[in-house]
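*Asks:*
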Amino acid sequence: MSSQTDSRRFRSISRRELLKLTPVVALGAFAVPKVQQKLLKTGLGFSDWASARLFRSGHLAPTFADSELTPFSKFPINDYDVDDPQVDLDQWNLAVGGAVQKPGNYTLAQIQSLPKITQNTRHVCIEGWDVIGKFGGTRLSDFLKMIGADTAARFLTVECADDYYESLDMATALHPQTLLCYEMYGRPLTREHGAPLRLNIPTKIGYKQAKYLTDLKVTNVLQKLGYWEDQGYSEFYGL
Amino acid sequence: MATRTIEIENVKTGEVTEAVYEHPFIVRLCHWVNAVSLFVLVGSGLQIFRAFPSFGAKIPQKDLIHWPKAFAIGGWLGGGLQWHLTFMWIYIGSGLLYLGYQIFSGNYKQVLFAPHDIPGVWPMVRHYFFFGPKPAAKGAYNPLQKHAYTSAIVLGVLSVLTGIAIWKPVQFSWLAWMMGGFHYARLWHFVIMWAILAFVFGHLVMVVLHGWNNFVSMFTGWKKDPEYRPE
Numbered sequence: 521m522s523s524q525t526d527s528r529r530f531r532s533i534s535r536r537e538l539l540k541l542t543p544v545v546a547l548g549a550f551a552v553p554k555v556q557q558k559l560l561k562t563g564l565g566f567s568d569w570a571s572a573r574l575f576r577s578g579h580l581a582p583t584f585a586d587s588e589l590t591p592f593s594k595f596p597i598n599d600y601d602v603d604d605p606q607v608d609l610d611q612w613n614l615a616v617g618g619a620v621q622k623p624g625n626y627t628l629a630q631i632q633s634l635p636k637i638t639q640n641t642r643h644v645c646i647e648g649w650d651v652i653g654k655f656g657g658t659r660l661s662d663f664l665k666m667i668g669a670d671t672a673a674r675f676l677t678v679e680c681a682d683d684y685y686e687s688l689d690m691a692t693a694l695h696p697q698t699l700l701c702y703e704m705y706g707r708p709l710t711r712e713h714g715a716p717l718r719l720n721i722p723t724k725i726g727y728k729q730a731k732y733l734t735d736l737k738v739t740n741v742l743q744k745l746g747y748w749e750d751q752g753y754s755e756f757y758g759l
Numbered sequence: 478m479a480t481r482t483i484e485i486e487n488v489k490t491g492e493v494t495e496a497v498y499e500h501p502f503i504v505r506l507c508h509w510v511n512a513v514s515l516f517v518l519v520g521s522g523l524q525i526f527r528a529f530p531s532f533g534a535k536i537p538q539k540d541l542i543h544w545p546k547a548f549a550i551g552g553w554l555g556g557g558l559q560w561h562l563t564f565m566w567i568y569i570g571s572g573l574l575y576l577g578y579q580i581f582s583g584n585y586k587q588v589l590f591a592p593h594d595i596p597g598v599w600p601m602v603r604h605y606f607f608f609g610p611k612p613a614a615k616g617a618y619n620p621l622q623k624h625a626y627t628s629a630i631v632l633g634v635l636s637v638l639t640g641i642a643i644w645k646p647v648q649f650s651w652l653a654w655m656m657g658g659f660h661y662a663r664l665w666h667f668v669i670m671w672a673i674l675a676f677v678f679g680h681l682v683m684v685v686l687h688g689w690n691n692f693v694s695m696f697t698g699w700k701k702d703p704e705y706r707p708e
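Taken in order, these protein sequences are the chains called A and B.
Under the working numbering, the letters of the first sequence match residues 521 to 759, in that order.
Under the working numbering, the letters of the second sequence match residues 478 to 708, in that order.
1) On a Cα-Cα basis, can you pick out the residue from A:Pro591, A:Leu574, A:Ser571 that is closest to B:Ala534?
2) Going along chain B, which residues have a C-beta under 7 Å from A:Gln639?
3) Could you name each continuous beta strand (DSSP E) segment of 3 residues or more that falls completely within the segment 679-706 of chain A, going from the start of the chain to the end?
4) Which residues of chain A have a Cβ atom closer than 7 Å to the Cβ of B:Gly556, listed in chain order?
5) Just checking: is the beta-carbon of A:Thr723 within a distance shorter than 8 Å of some beta-carbon in chain B?
6) Taking the beta carbon of A:Ser633 as the centre, do at least 16 other beta carbons fall within 10 Å, making it buried, or is it exposed?
7) Determine the extent of the beta strand (DSSP E) in which B:Ala496 is found, giving its start and end residues.
8) When the cut-off is 8 Å and only beta carbons count, does A:Trp649 lie next to chain B?
9) When you compare each of A:Leu609, A:Leu745, A:Thr641 to A:Leu717 by their alpha carbons, which one comes out closest?
10) Helix, strand or coil for B:Glu484? Go by DSSP, reduced to three states.
11) What span of residues does the beta strand (DSSP E) with A:Gly653 cover, start to end?
12) Answer yes or no: does any C-beta atom of chain A fall closer than 8 Å to that of B:Ile536?
13) Determine the closest residue to A:Gly657 out of A:Leu700, A:Thr562, A:Glu712, A:His643, with distance taken between C-alpha atoms.
14) When the Cα of B:Gln438 is compared with those of B:Glu704, B:Val685, B:Glu499, B:Val513, which residue comes out closest?
15) If you reduce the DSSP assignment to three classes, tell me which class A:Thr562 lands in.
16) Do you know how far the Cα of A:Arg573 is from the Cα of A:Ile667?
17) Measure from the alpha carbon of B:Leu664 to the alpha carbon of each residue in B:Ile643, B:Tyr585, B:Phe678, then state which is nearest.
18) My assumption, with CB atoms under 8 Å, is that A:Leu664 sits in contact with A:Ala693. Please give the rounded CB distance.
19) Determine the direct distance from the alpha carbon of A:Lys558 to that of B:Val493, and round the result to whole angstroms.
20) Which chain B residues are close to A:His695, counting only those with a beta carbon under 8 Å from its beta carbon?
21) What three-state label does DSSP hand A:Ile646 in the structure shown?
22) Between the alpha carbons of A:Ile652 and B:Met683, how many angstroms are there, rounded?
23) What distance in whole Å lies between the Cβ atoms of B:Gly640 and B:Met565, which are believed to be in contact at a cut-off of 8 Å?
24) What residues of chain B sit near A:Ala551, judged by a beta carbon separation below 9 Å?
25) Buried or exposed: B:Leu506, going by 16 or more other Cβ atoms within 10 Å of its Cβ?
26) On the premise that A:Arg642 lies in contact with A:Pro708, defined as a C-beta separation below 8 Å, what is that separation, rounded to the nearest angstrom?
27) Less than 8 Å between the beta carbons of B:His660 and A:Asp650, yes or no?
28) Taking buried to mean at least 16 other C-beta atoms within 10 Å of its own C-beta, is A:Asn625 buried or exposed?
29) Can you tell me whether DSSP reads B:Ser694 as helix, strand or coil?
30) Taking a Cβ distance cut-off of 8 Å, strictly less, list which residues of the segment 543-568 of chain A are near chain B, in chain order.
31) How is B:Lys701 classed by DSSP in three states: helix, strand or coil?
32) So, for A:Gly726: in the same chain, excluding its five sequence neighbours on each side, which residues have a beta-carbon less than 8 Å away from its beta-carbon?
33) From B:Leu515, B:Thr697, B:Lys539, pick the residue whose C-alpha is nearest to that of B:Trp671; which is it?
34) Using the Cα positions of A:Glu755 and B:Ser628, report the straight-line distance between them to the nearest angstrom.
35) Of all the options A:Arg576, A:Glu703, A:Leu541, A:Ser687, which has the alpha carbon lying nearest to the alpha carbon of A:Val741?
36) List the residues of chain B that A:Lys665 touches, going by C-beta distances under 7 Å, in chain order.
See below:
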């Protein structure tokens, strides 16, 4: 297949073909400071939306044999402030509020009266490292039943003794591997690992698994997303 | 798809040259979107890597390299992740558009390295690296180029698969498992990035060596004075 033209017409053909590529220039919007943050927020929001769609409530995170555990001494201690926020363990209880039938203060003994689950699961930090730990506690879904939570509500929020705070979507809160964790490696939580109660969520990234819990609320509206989320981390970050 | 050839008569000199339509619009579009995405994904990926520049244990941490902040995108880990989690969709989108177009248009024959290309690889290597004679060009791409481009496409697919395994090691636990678990998937993702960068380096060297007409063809689609006669 061959045709003929002259150099002037060829130049205009070439120009037309070149102009078809203008959509690529639209990517330049990412270099404009004013719209950049908005675009990135949209991108992150889309990723969160896709993550929530990809989450399957019946799909379990892989579990591991005891021989595959990271030794307890090599399980990193990550916090944003202090390793030990000086929780008074004798006086501690969990303040429950929001869309629940039985709000109030719940003691550790009450939480421990629910069936105990032990699981060896992978803990993935947003920084990139990962460890396999042994976690023991009660299913958050069992506790939500105990407090008469409205599981049709969208979120659950927690506050911590060190001013850290987090939020969790209800689907993940009801996942069978989501624990109110009071034990690691068969022993009560140490202070650095969040004594007396922390979250263990094998389907979530590390920063969602708050330590030193003091308050738990069921809600439909989030005033704030989470300590790191409010600085720009992903809200959903499901694994 | 039949290749389009055109004869161009110079309006001043009357001289006749030939041009061939080498790169369809979708291929050119995806090429440039991909180039921008790769730049952002590598820059932001290295920013994420800076948060834990190791593939060993966290305790004790042995760093592999300290990547300078000046050569990373996003300013901090959270910023790097925002760029990465945004541009991965653009990268995947342009990749799927490209693959779909190539397959359904039949244009993939231009670039896919096939068994009949194998005998032509060595003469090209001899030409490029050992000053051997230049084998006659038969199509848009010689066998060595087809090998390079096909490998680059495979690396692109692998970069997405290893990325998904890191992003969703629970929902896609089978994918992470195939790569040896989350920990190794992260290593493969990193290794594949360097393989892609090695390709990009070689690609840019060849672009410089092959001159202006070749470079322009990725913008307009048309290549003037092709070295080959398309059938």
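Backbone N, C-alpha and C fix where the C-beta goes; we use that ideal spot for every residue, glycine too.
*Replies:* Short version:
1) Checked all of A:Pro591, A:Leu574, A:Ser571; the closest Cα to B:Ala534 is A:Pro591.
2) Per Cβ cutoff of 7 Å: no residues; A:Gln639 is ~13 Å from chain B at best.
3) Whole beta strand (DSSP E) segments, 3+ residues: 685-689, 699-704.
4) What B:Gly556 touches in chain A: Gly752.
5) Yes, contact with chain B.
6) Exposed, because fewer than 16 other Cβ atoms sit within 10 Å of the Cβ of A:Ser633.
7) Residues 493-498.
8) At a cut-off of 8 Å, the C-beta of A:Trp649 has a neighbouring C-beta in chain B.
9) Closest option to A:Leu717, judged by alpha-carbon separation, among A:Leu609, A:Leu745, A:Thr641: A:Leu609.
10) In this structure, B:Glu484 counts as strand in the three-state DSSP scheme.
11) Segment 650-659, the beta strand (DSSP E) holding A:Gly653.
12) Using a Cβ-Cβ cut-off of 8 Å, B:Ile536 counts as an interface residue toward chain A, since at least one Cβ of chain A sits closer than that to its own.
13) The shortest Cα separation from A:Gly657 among A:Leu700, A:Thr562, A:Glu712, A:His643 belongs to A:Leu700.
14) The question about residue 438 of chain B has no answer, for chain B in this structure spans 478 to 708.
15) Residue state, collapsed to three classes: helix.
16) Their backbone Cα atoms lie some 28 Å apart in a straight line.
17) Taking only the C-alpha atoms, the option nearest B:Leu664 is B:Ile643.
18) That pair is a contact at about 7 Å.
19) Annotation: B:Val493 to A:Lys558 spans about 52 Å, alpha carbon to alpha carbon.
20) Those do not exist, as A:His695 stays about 10 Å from chain B at its closest Cβ, beyond 8 Å.
21) Residue state, collapsed to three classes: coil.
22) The alpha-carbon of A:Ile652 is positioned some 47 Å away from that of B:Met683.
23) Confirmed, about 6 Å.
24) By Cβ distance, chain B contributes nothing, its closest Cβ being about 10 Å from A:Ala551, past 9 Å.
25) Buried: at least 16 other Cβ atoms inside 10 Å.
26) About 22 Å; that fails the 8 Å criterion.
27) Cβ atoms of B:His660 and A:Asp650: closer than 8 Å.
28) A residue is called buried once 16 or more other Cβ atoms fall within 10 Å of its Cβ, and A:Asn625, having fewer, is exposed.
29) Annotated three-state conformation of B:Ser694 is helix, per DSSP.
30) Against chain B - using a Cβ distance shorter than 8 Å - the residues of the segment 543-568 of chain A are Pro543, Val544, Leu547, Phe550, Leu559, Leu560, Lys561, Thr562, Gly563, Leu564, Phe566, Ser567.
31) When DSSP states are grouped into helix, strand and coil, B:Lys701 belongs to the strand group.
32) So the qualifying residues of the chain are Asn598, His643, Val644, Cys645, Ile646.
33) It is B:Leu515 whose Cα lies nearest to the Cα of B:Trp671.
34) C-alpha separation (whole angstroms): 36 Å.
35) The shortest C-alpha separation from A:Val741 is found at A:Ser687.
36) Here the premise fails: no neighbours, minimum Cβ distance about 24 Å.
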